[in-house]
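Step one of this worksheet: look at the structure below.
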Amino acid sequence: MAREYVKSLLFLITVIGVTMALLADAARAEPVSTVKPTTLIVVRHAEKSNDAAQDPPLSYIGQERARRLGRVLRDVGVAAVYVSDTRRAKETAEPITDSLGLAAEIYPGRAVNALLERSLKEHVGQTILIVGHSNTVPEMISLLTRGRESVALRDDEYDALFIVIIGDHDPPSLLRLRY
Numbered sequence: 000m001a002r003e004y005v006k007s008l009l010f011l012i013t014v015i016g017v018t019m020a021l022l023a024d025a026a027r028a029e030p031v032s033t034v035k036p037t038t039l040i041v042v043r044h045a046e047k048s049n050d051a052a053q054d055p056p057l058s059y060i061g062q063e064r065a066r067r068l069g070r071v072l073r074d075v076g077v078a079a080v081y082v083s084d085t086r087r088a089k090e091t092a093e094p095i096t097d098s099l100g101l102a103a104e105i106y107p108g109r110a111v112n113a114l115l116e117r118s119l120k121e122h123v124g125q126t127i128l129i130v131g132h133s134n135t136v137p138e139m140i141s142l143l144t145r146g147r148e149s150v151a152l153r154d155d156e157y158d159a160l161f162i163v164i165i166g167d168h169d170p171p172s173l174l175r176l177r178y
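Numbered according to numbering that gives the first Met the number 0, the sequence shown terminates at residue 178, and the numbering increases by one at each position without gaps.
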């Protein structure tokens, strides 16, 4: 009987010790975030036509790329679309806005800071598409990553797709893809 009592006591002490160790580990663990991150998808407008127009439309290849972007993003939960005030940017976003029933919000092409502040404030925890230009997309990425990431776009580079995830982790995550 004494032997059974000692075994039971040792078992109980072991269980208490393991439980205390697990609780101590849990207390030191990082808290799990309950905040849904905000995801920004940033692209340059698709290929523009070579005509001499001041605000050229998309070329045939650009129209095809815009349709491809629409197919790629159709099921990712885009809640808002922002485009610069140029025809080529608006046409790049049309397939996705049409398929989702969204209206593209127009921003002045160089108003990058105001655009990012507004979109991040109005769409917390949502996915946002921004269509910019070869000179504004790198600026956006730098601002969104707080200067930790820099990107460059060649003049002939229209297929880059940047995904920036902003949550309560630091720094924001950046993923560069092609479409």
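For every residue, glycine included, the Cβ atom is placed at its ideal position computed from N, Cα and C.
Please read all numbers here as calculations on a predicted model, not as lab measurements.
Three-state class that DSSP yields for residue i in the structure shown
i    : result
S98  : helix
A78  : strand
K35  : coil
T126 : strand
L11  : Annotation note: pLDDT 48 at L11 (below 50); position unreliable, coordinate value reported separately. L11: helix per DSSP, three-state reduction.
P137 : helix
A92  : helix
L152 : coil
S48  : coil
Those residues which DSSP pairs with residue i across a bridge
i    : result
R177 : A159
S172 : I164
G131 : R43
S83  : Y106
Residue nearest to residue i in terms of C-alpha spacing, selected from the options
i    : options                  : result
R177 : P36, A65 and A51         : A65
G131 : R109, S118 and Y59       : R109
P170 : D155, F161 and R147      : R147
Y157 : H44, T38, H168 and K35   : H44
V80  : G61, I105, L57 and M139  : I105
N134 : L99, L68, L152 and L114  : L152
E138 : V34, G124, A113 and S48  : A113
S141 : G61, V111, R117 and A159 : V111
D181 : V34, L173, L99 and H122  : With the chain represented from 0 up to 178, any question about residue 181 goes unanswered, as that position is not in the structure.
V41  : D155, D154 and T126      : T126
G69  : D50, P56 and E90         : E90
E63  : T37, L119, I95 and H168  : I95
L174 : H168, G166 and A159      : A159
V136 : D97, N49, V82 and H122   : V82
Range covered by the alpha helix (DSSP H) that runs through residue i
i    : result
V71  : Y59 to L72
R117 : V111 to E121
Cβ separation of residue i and residue j, assumed to be a contact under 8 Å, to the nearest whole Å
i    : j    : result
L128 : V163 : Actually they are not in contact, since the Cβ atoms of L128 and V163 sit about 12 Å apart, beyond 8 Å.
L72  : L115 : Not really, about 19 Å apart at Cβ, beyond 8 Å.
Residue interval of the beta strand (DSSP E) (run including residue i)
i    : result
E104 : E104 to Y106
Residue i at chain C interface by Cβ criterion, 7 Å
i    : result
N112 : Absent here is chain C; the protein component of the structure consists of one chain.
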